[in-house]
Amino acid sequence: MILRLASIALITCTADQAKPTTVRPDLQLLEQIAVAQTINAEAGDIIWPGFADAPDSVLLIHGEQESLLCHDGPANGFARQTDDAETGCTLATRDRVFPPNMLASFPAIDGVPTIVVGTPEATGLTLDSWMMTLIHEHMHQMQDSQPGQYEQALALGLSGDDQTSMWILNYPFPYARAETIALARELADTALTVLAAPDRTALEAGFADYLDRRAAFLASVSEADARYYEMQSWKEGVARWTELAVMRESGRENPRHRQLAAGQLDRMIAELTQLDLEAQGRVAFYALGSAEAEMLERLDPSWREIYWQDLFSMGAAIAAVTPPALPAASSD
1 MILRLASIAL ITCTADQAKP TTVRPDLQLL EQIAVAQTIN AEAGDIIWPG FADAPDSVLL
61 IHGEQESLLC HDGPANGFAR QTDDAETGCT LATRDRVFPP NMLASFPAID GVPTIVVGTP
121 EATGLTLDSW MMTLIHEHMH QMQDSQPGQY EQALALGLSG DDQTSMWILN YPFPYARAET
181 IALARELADT ALTVLAAPDR TALEAGFADY LDRRAAFLAS VSEADARYYE MQSWKEGVAR
241 WTELAVMRES GRENPRHRQL AAGQLDRMIA ELTQLDLEAQ GRVAFYALGS AEAEMLERLD
301 PSWREIYWQD LFSMGAAIAA VTPPALPAAS SD
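Under the numbering used here, residues 1 to 332 are what the sequence shown spells out, in order.
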């Protein structure tokens with residue numbers, strides 16, 4: 001999630017008033033942050049080369065305090081503490097600024113993409129889900145670190161007069177239009193069929209059907225609306241898929257992680273089964289985008305190389321792995 005200018009303004013207004021405190025985060029949370037960082041550096045870097053080198057600053061909100069971990073900038077308004085032994089990172093603290101249930105990644109401190117996260121209790125997540133969400137948000141850190149990504153996001157022409165980046169959350173996509181609702185439901189059903197394909201032939205045939213329905217779905221909305229879907233699929237959908245992919249890779253050596261990866265795949269299937277565009281709004285695009293990434297992965301893992309060449313659109317990756325006999329979906 002991006003809350004760029006509004007959040008930076010909040011930091012600017014409040015940081016000078018922050019009173020440094022010295023309460024250290026719960027050891028269990030530090031351990032989970034360390035686990036996520038290890039997975040990112042090992043399995044994550046296999047899925048996404050460079051994942052280990054992406055910014056990994058974490059602002060942990062706990063009680064009435066915020067603890068900043070693994071941050072290299074000046075972090076004005078924070079009090080430096082003894083380095084954390086679990087993560088091997090720097091640790092600095094200040095009084096709480098953000099809501100306790102915050103869960104996002106944006107340039108919160110010194111303009112650096114930072115994971116801002118409340119505790120599992122505050123965010124309503126289990127400890128395992130919380131750890132995997134850190135992987136999800138680290139993917140956003142990598143996305144947000146791509147050269148020119150901010151300018152390219154604005155070039156989508158979707159922000160209108162909004163200078164706070166809240167348009168990313170509030171863009172007026174026609175979620176309640178009957179035709180678009182029905183086509184989104186067909187798209188989810190087709191994705192379920194593709195993901196259940198028993199062999200390569202069925203996979204390719206099902207994906208061809210999916211591309212037709214994807215094109216129909218995008219044709220039912222304006223070109224700007226279609227760009228918004230592509231952006232959400234590229235950003236949030238692929239970040240959601242990254243939770244599955246990284247845990248699956250880590251699960252090659254770790255049975256516990258293999259079990260968590262299976263749970264992520266079950267989650268994808270459940271979200272597609274229950275997809276309701278009108279009720280869920282943009283969150284429905286998380287499920288569709290993650291499913292698109294998984295279908296591409298099963299067709300040809302090289303889609304991940306193409307992914308970075310076309311920021312904010314899945315069109316190039318889809319076209320690159322589409323079998324020659326199948327029509328490529330337009331990214332317009």
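Note that the Cβ used here is the ideal one computed from N, Cα and C, for glycine as well.
Model, not experiment: these values are computed from the prediction.
Whole-angstrom C-beta distance between residue j and residue i, which should lie under 8 Å
i, j, result
"residue 113", "residue 55", "5 Å"
"residue 224", "residue 157", "6 Å"
"residue 309", "residue 316", "6 Å"
"residue 206", "residue 292", "Not quite, the Cβ-Cβ distance comes to about 13 Å (not below 8 Å), so this is no contact."
"residue 190", "residue 213", "5 Å"
"residue 109", "residue 36", "In fact, because the Cβ distance is near 19 Å, the residues do not count as touching under 8 Å."
"residue 295", "residue 192", "With 8 Å as the limit, residue 295 and residue 192 do not qualify as a contact, their Cβ atoms being about 11 Å apart."
Buried or exposed by the 16-neighbour rule on C-beta atoms within 10 Å, applied to residue i
i, result
"residue 187", "buried"
"residue 246", "buried"
"residue 333", "Here the chain comprises residues numbered 1 to 332, so residue 333 is not present and cannot be evaluated."
"residue 25", "buried"
"residue 118", "buried"
"residue 248", "buried"
"residue 111", "exposed"
"residue 30", "buried"
"residue 97", "buried"
"residue 201", "exposed"
"residue 216", "exposed"
"residue 23", "exposed"
"residue 279", "exposed"
"residue 126", "exposed"
"residue 301", "exposed"
"residue 154", "exposed"
"residue 169", "exposed"
"residue 41", "exposed"
"residue 99", "exposed"
"residue 244", "buried"
"residue 27", "exposed"
"residue 180", "buried"
"residue 274", "exposed"
"residue 82", "exposed"
Neighbour flag for residue i against chain C, beta carbons, 9 Å
i, result
"residue 127", "No chain C appears in the structure shown, which is made up of a single protein chain."
Beta carbon of residue i nearer than 9 Å to that of residue j
i, j, result
"residue 175", "residue 277", "yes"
"residue 33", "residue 58", "yes"
"residue 241", "residue 297", "yes"
"residue 313", "residue 234", "yes"
"residue 101", "residue 122", "yes"
"residue 115", "residue 137", "yes"
"residue 257", "residue 104", "no"
"residue 260", "residue 132", "yes"
"residue 183", "residue 220", "yes"
"residue 345", "residue 173", "As shown, the chain starts at 1 and ends at 332. That puts residue 345 outside it, with no answer to give."
Exercise for the section: Take every Cβ of the region 65–73, pair it with every Cβ of the region 92–101, and state whether three or more of those distances are shorter than 8 Å. Expected result: yes
Practice task
Determine, using beta-carbon pairs with one atom in the region 57–64 and one in the region 144–160, whether at least three such pairs fall under 8 Å.
Solution key: no
Practice task
Ignoring anything shorter than 4 residues or poking outside the region 226–308, list the alpha helix (DSSP H) runs there in chain order.
Solution key: 238–250, 255–273, 277–280, 283–299 and 303–307
Problem - Any alpha helix (DSSP H) of 4 or more consecutive residues that is wholly inside the region 165–206 - result: 167–170 and 178–195
Handout entry: In chain order, each alpha helix (DSSP H) run of at least 4 residues that lies wholly inside the region 81–159
Key = 120–123, 127–144 and 149–155
Exercise for the section: Tell me, please, whether the region 159–169 touches the region 191–209 by the rule of three or more beta-carbon pairs shorter than 8 Å. Expected result: no
Problem - Inter-stretch contact (C-beta, 8 Å, three-pair minimum) for the region 251–269 and the region 284–301 - result: yes
Problem - Segments of 4+ residues assigned as alpha helix (DSSP H) that fall wholly inside the region 11–78 - result: 27–39
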